[in-house]
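**Q** Sending over a structure as structure tokens; questions will come in a sec.
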Amino acid sequence: MFDQVAGVMPAAFFDVMSAAASLGCVAAAAKIRILYFVSEVFKMRKYLITMRLSASRAFDGGLLYILSGYLLKSACLFILLMLWRALAQQGADLGGLSLDQLLTYTLLAAIFGEQLNVLTPATTAFWEGAIISRYMRPLPVLAQLMAETVGSWLPGLLLYSVPTLIIAASAGLNPGIAFLANAGTGFPARGLLFLISLLLAMALGFAMDFIFASLVIYVKNASYQAYQIRRAIVSLFSGALIPFTLLPWGMGRVFELLPFGSTASAPLLIFVGTGNPARLICLQIIWNLIFWAAALILFRRSEERLVSYGG
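With positions in the sequence shown counted from 1, the corresponding number in our numbering is that position plus 16.
Following this line, the structure appears as structure tokens:
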């Protein structure tokens with residue numbers, strides 16, 4: 017009943033309210049309003065349950081398995097930070113970044129790694145033959161995949177991102193202090209711009225992944241290899257691994273204009289204070305509009321093929 021009411025409510029809600037009020041049916045209008053609110057809460061609860069189940073699924077391999085992955089990521093981060101520090105001590109050109117800015121950039125790229133390189137379960141669900149099960153649930157398929165992805169981020173944020181941030185701050189690398197030093201008195205506005213850019217980066221990442229999932233159906237048994245190649249390409253060309261300012265021959269300026277640059281480089285440059293927020297956010301909005309339109313069209317056209325292969 018809730019789903020039926022919620023399906024027609026967004027389009028007819030105000031018309032029904034006006035008709036009820038004109039007839040003096042105050043009680044009926046109040047009931048409709050309450051029913052609409054309850055239906056929205058009920059739908060939100062479904063997404064929260066999906067996120068919780070996805071978060072708990074990360075521990076299926078055991079705590080040791082998940083912690084070993086985080087330890088490996090921490091080791092890679094430590095090596096990269098030491099590399100930048102060694103290059104700075106030898107007088108290497110850091111592309112206009114100070115050492116503190118470069119270290120902060122690298123630290124944030126690691127902390128928000130999953131958010132800056134969005135990988136939804138869409139491709140793996142196709143590979144495992146589980147995509148059909150999403151169509152049997154009372155939620156839109158893309159919304160389910162997004163909720164599952166956000167839920168899968170929670171263990172990493174709690175067990176890797178927060179501890180890494182605390183350890184880095186205790187070792188003298190505090191992103192908060194670096195942000196205040198770069199932003200000065202305008203830190204509230206720059207902080208808001210960073211959050212907006214981060215949200216746009218995640219939205220663009222979702223659109224990219226849905227496009228990839230829509231196209232990977234055509235490679236059939238090579239989907240896993242294509243998935244790994246896509247993951248490596250995004251990590252490299254998004255600026256998460258190597259800042260664009262360090263690239264030679266002006267390549268960074270070109271990569272910054274590409275959609276990959278709007279997923280990682282844009283919010284990180286805004287945070288460290290070397291990027292033009294208005295320009296970067298405008299690029300993110302443009303790429304979001306283009307890629308979300310393409311994602312919706314391609315996913316809709318690929319649904320029948322996805323279900324037939326995934327079933």
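We treat Cβ as the ideally placed atom computed from N, Cα and C, and that holds for glycine. On a predicted model such as this, the values are computed, not experimentally measured, just so you know.
CA-CA distance, E164 and R61?
**A** Counted from its first residue, the sequence shown places residue 164 at position 148. Counted from its first residue, the sequence shown places residue 61 at position 45. Taking the straight line joining both Cα atoms gives about 13 angstroms.
**Q** How long is the line joining the alpha carbons of F260 and E272, rounded to whole angstroms?
**A** Translated into the one-based positions of the sequence shown, residue 260 becomes position 244. Translated into the one-based positions of the sequence shown, residue 272 becomes position 256. Answer to the nearest angstrom: the Cα atoms are 7 angstroms apart.
**Q** Helix, strand or coil, according to DSSP, for N108 in the structure here?
**A** Against the sequence shown, residue 108 aligns to sequence position 92. The amino acid occupying residue 108 in the given sequence is Ala; Asn does not appear at that position. Here A108 sits in coil by DSSP.
**Q** Between the stretch 223 to 237 and the stretch 202 to 215, can you find at least three pairs of beta-carbon atoms closer than 8 angstroms?
**A** In short, these stretches do not touch, since the Cβ pair count stays below three.
**Q** Could you tell me the alpha carbon to alpha carbon distance between R269 and A309, rounded to whole angstroms?
**A** Indexing the sequence shown from 1 puts residue 269 at position 253. Indexing the sequence shown from 1 puts residue 309 at position 293. When rounded, the distance between both Cα atoms is 26 angstroms.
**Q** If you drop the 5 nearest sequence neighbours on each side, which residues of the same chain put their C-beta closer than 6 angstroms to that of T136?
**A** Here residue 136 refers to the residue found at position 120 when the sequence shown is read from its first residue. Answer for T136: L161, T165, D225, listed in chain order.
**Q** Go ahead and label V134 buried or exposed: buried means 16 or more other beta carbons lie within 10 angstroms of its beta carbon, across all protein chains shown.
**A** Sequence index remark: in the sequence shown, residue 134 carries index 118 (1-based). Classification for V134: buried.
**Q** Beta carbon of P204, beta carbon of A74: below 8 angstroms?
**A** If you number the sequence shown from 1, residue 204 lands on position 188. If you number the sequence shown from 1, residue 74 lands on position 58. Not in contact: P204 and A74 (Cβ atoms no closer than 8 angstroms).
**Q** Below 8 angstroms between beta carbons: does that hold for N413 and L220?
**A** An answer regarding residue 413 cannot be provided, because it is not within the stretch 17 to 327 covered by the chain.
**Q** Do the stretch 244 to 264 and the stretch 113 to 122 meet, that is, are 3 or more Cβ pairs less than 8 angstroms apart?
**A** Taking 8 angstroms as the limit for Cβ pairs, the verdict is that the stretch 113 to 122 does touch the stretch 244 to 264.
**Q** I'd like the span of the alpha helix (DSSP H) that includes M162, first residue to last.
**A** What you label residue 162 is simply residue 146 of the sequence shown in a count that begins at 1. First-last of the alpha helix (DSSP H) with M162: 157 to 172.
**Q** Which whole-angstrom value is the C-beta distance of V288 and Q117, which I expect to be below 8 angstroms?
**A** Along the sequence shown, read from residue 1 onward, the residue named residue 288 stands at position 272. Along the sequence shown, read from residue 1 onward, the residue named residue 117 stands at position 101. That belief holds up - the Cβ atoms of V288 and Q117 are roughly 4 angstroms apart, short of 8 angstroms.
**Q** I'd like the ranges of any alpha helix (DSSP H) spanning at least 4 consecutive residues and lying wholly in the stretch 216 to 291.
**A** Counting whole runs of 4 or more residues, the stretch 216 to 291 contains the alpha helix (DSSP H) stretches 239 to 253, 267 to 273, 281 to 288.
**Q** Does the beta-carbon of P191 have 16 or more other beta-carbons within 10 angstroms, so that it is buried, or is it exposed?
**A** As a first step, residue 191 is located in the sequence shown; it is residue number 175 there, counting from the start. It is buried - the Cβ of P191 has at least 16 other Cβ atoms within 10 Å.
**Q** Run through DSSP, which three-state label would G188 get?
**A** Translated into positions along the sequence shown, residue 188 becomes position 172. It is coil, neither helix nor strand.
**Q** Could you check what DSSP says for G77 in three-state terms: helix, strand or coil?
**A** What you label residue 77 is simply residue 61 of the sequence shown in a count that begins at 1. Three-state result, G77: coil.
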